[in-house]
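Participant: I am attaching a structure below and will ask some questions about it afterwards.
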Amino acid sequence: MQALTKRARTVNKKPMTLMERLYLPSIAKGMAITFSHIFKKQPTIRYPEQKRPFSPVFRGLHVLNRDAEGRENCTACGLCAVACPAEAITMEAAERLPGEENKYREEKYAAKYEINMLRCIFCGLCEEACPKDAIYLSETFTPASFTRESFIYGKKDLLIPDPNTDPEGYEKARGERQPTTANPN
Ligand code: SF4
Ligand code: SF4
């Protein structure tokens, strides 16, 4: 039968010599290869002490955004839920009451907002669909867990810290990523 490649080798069937039967040269050769790797640069990193820099287009855990005054941007329009190919987003809208202008930027807000991270494929379409810069995918991983329920992220898990009460947490949550929407109003 004709070989598909030229990589075929003929097997040498001649009996082993005494030195070959002792295996010592082969063991020494193997140890030399092993020791030579001690002085090579390690390709692995010691996570979590060491972390690789993220790609500029990395899409991690979602963040529900606030404006600089600490008001929630989301107006519960539902565009992110419609754009989501995994049907991972659900929400319930509510009317802003008089006196709540400092909490919600728009007259309507998301009283309940949930993302099922087990369904999410981190495509970023929700971020692109949002006309209010209210949601973006951050540089944070979704933490591992042992229960399915813990992967349903509600508002308390998604909402960015209030810049008025926790400016450090707000800046940290924002990270280097900027929302992609061109129209923030
Ligand atoms: S990143 Fe994609 S899959 Fe995940 S919630 Fe947003 S639109 Fe849905
Ligand atoms: S996150 Fe954006 S697209 Fe989704 S409901 Fe809120 S305002 Fe609308």
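According to UniProt numbering, the residues represented by the sequence shown are 1 to 185, in order.
No residue lacks a Cβ here, since even glycine has one placed at the ideal position from N, Cα and C.
Is it right to say Y47 is buried, meaning 16 or more other beta carbons lie within 10 angstroms of its own, or is it exposed?
Facilitator: The count along the sequence shown starts at 1 and reaches residue 47 at position 47. Y47 comes out exposed.
Participant: Report the option in Q42, R119, R96 and N102 whose CA atom is closest to the CA atom of A110.
Facilitator: Counted from its first residue, the sequence shown places residue 110 at position 110. Of the candidates Q42, R119, R96 and N102, the one whose C-alpha sits nearest the C-alpha of A110 is R96.
Participant: Would you identify the three-state DSSP class for N185, choosing helix, strand or coil?
Facilitator: What you label residue 185 is simply residue 185 of the sequence shown in a count that begins at 1. Reliability fails at N185, whose pLDDT of 43 lies under 50, so the model's placement of it is uncertain and the value that follows must be treated cautiously. Three-state DSSP puts N185 in coil, outside helix and strand.
Participant: Roughly how many angstroms lie between the CA atoms of R71 and P161, to the nearest whole one?
Facilitator: The sequence position of residue 71 within the sequence shown is 71, counting from 1. The sequence position of residue 161 within the sequence shown is 161, counting from 1. Rounded to the nearest angstrom, the two C-alpha atoms are 11 Å apart.
Participant: How would you label T75, buried or exposed, when you count the other beta carbons within 10 angstroms and need 16 or more for buried?
Facilitator: Position 75 of the sequence shown, counted from the start, is the residue given in the question as residue 75. Counting Cβ neighbours within 10 Å, T75 comes out buried, since at least 16 surround it.
Participant: I'd like the list of long-range same chain contacts for A93, defined as Cβ closer than 6 Å, with 5 residues on each side in sequence excluded.
Facilitator: For the purposes of this step, residue 93 is identified with residue 93 of the sequence shown, where counting begins at 1. Taken in chain order, the residues that qualify are A76 and K108.
Participant: How about the stretch 141-156 and the stretch 114-124: do they share at least three Cβ pairs that are nearer than 8 Å?
Facilitator: Yes: the two stretches touch, three or more of their Cβ pairs being nearer than 8 Å.
Participant: Under a Cβ-count criterion, where at least 16 other Cβ atoms within 10 Å of its own Cβ denotes burial, should Y66 be classed as buried or exposed?
Facilitator: Here the question's residue 66 lines up with position 66 in the sequence shown. Note on residue identity: the sequence assigns Arg, not Tyr, to residue 66. It is buried - the Cβ of R66 has at least 16 other Cβ atoms within 10 Å.
Participant: Verify the contact flag: F35, CB atom, against every heavy atom of ligand 1, threshold strictly below 7 Å.
Facilitator: In the sequence shown, counting from the first residue as 1, residue 35 sits at position 35. False, no ligand heavy atom lies under 7 Å from that Cβ.
Participant: Going by DSSP in three states, Y153 sits in which element: helix, strand or coil?
Facilitator: Locating residue 153 in the sequence shown gives position 153, where the first residue counts as 1. Residue state, collapsed to three classes: strand.
Participant: With the cut-off set at 8 Å, would you say K103 and K155 are in Cβ contact?
Facilitator: Locating residue 103 in the sequence shown gives position 103, where the first residue counts as 1. Locating residue 155 in the sequence shown gives position 155, where the first residue counts as 1. Contact: no.
Participant: Excluding the 5 residues flanking G169 on each side, which residues of the same chain have their C-beta closer than 6 Å to its C-beta?
Facilitator: Within the sequence shown, residue 169 is the residue found at index 169, counting from 1. Cβ within range, chain order: P161.
Participant: Identify, in the order they occur along the chain, each residue of the same chain with its Cβ nearer than 7 Å to the Cβ of G175, setting aside the five sequence neighbours on each side.
Facilitator: Within the sequence shown, residue 175 is the residue found at index 175, counting from 1. The answer, listed in chain order, is S138 and E139.
Participant: Around the Cβ of L79, are there at least 16 other Cβ atoms within 10 angstroms (buried) or fewer (exposed)?
Facilitator: Walking along the sequence shown from the start, residue 79 turns up at place 79. Burial call: buried.
Participant: How would you write the range of the alpha helix (DSSP H) that T34 sits in, first residue to last?
Facilitator: Mapped onto the sequence shown, residue 34 falls at position 34. Note, T34: alpha helix (DSSP H), L24 to S36.
Participant: One question on the structure: do A83 and A144 come within less than 8 Å of each other, judged by their Cβ atoms?
Facilitator: Sequence index remark: in the sequence shown, residue 83 carries index 83 (1-based). Sequence index remark: in the sequence shown, residue 144 carries index 144 (1-based). It is not a contact, given that the beta carbons lie outside the stated cut-off.
Participant: Starting from the C-beta of M19, find all residues in its chain whose C-beta is less than 7 Å away, skip the five residues before and the five after it, and write them out in chain order.
Facilitator: Taking the sequence shown and counting its residues from 1, one reaches residue 19 at position 19. So the list reads P25, once near-sequence residues are dropped.
Participant: Less than 8 Å between the C-beta atoms of P163 and A32, yes or no?
Facilitator: As a first step, residue 163 must be located in the sequence shown, where it is residue number 163. As a first step, residue 32 must be located in the sequence shown, where it is residue number 32. Contact flag unset, no.
Participant: Given a cut-off of 8 Å, decide if R59 and F141 are closer than it, judged by their beta-carbon atoms.
Facilitator: To locate residue 141, count along the sequence shown from 1; it is residue 141. To locate residue 59, count along the sequence shown from 1; it is residue 59. No.
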